[in-house]
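Numbering (my numbering), first residue to last: -6 to 51.
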């Protein structure tokens, strides 16, 4: 009866975790390059301002 190779399976899991961590770090770097101000909130703020000003004008 064949035995499972636990060391191989563990190594494959570790490599998968490392690959996912590298992809996540790469995505974070891309976001920083695209928006150096780090502002996903900046577009939200700009959309909220017209909504706030409309009731004040009426």
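Yeah, the Cβ is synthetic: ideal placement off N, Cα and C, and Gly gets one too. In this text the structure is predicted, and so the values were computed from the model without any measurement.
Start and end residues, alpha helix (DSSP H) containing residue -4: Counting from 1 along the chain shown, the entry for residue -4 is found at position 3. Residue -4 -> no alpha helix (DSSP H), and no H or E assigned at all.
Taking only three categories from DSSP, how would you classify residue 35? Numbered from 1 along the chain shown, position 42 holds the residue referred to as residue 35. Its pLDDT being 49, under 50, residue 35 is placed unreliably by the model, and nothing is read from it.
Neighbourhood of residue 1 by C-beta, 7 Å cutoff - its chain only, sequence neighbours within 5 removed: On the chain shown, position 8 is the one that residue 1 refers to. None.
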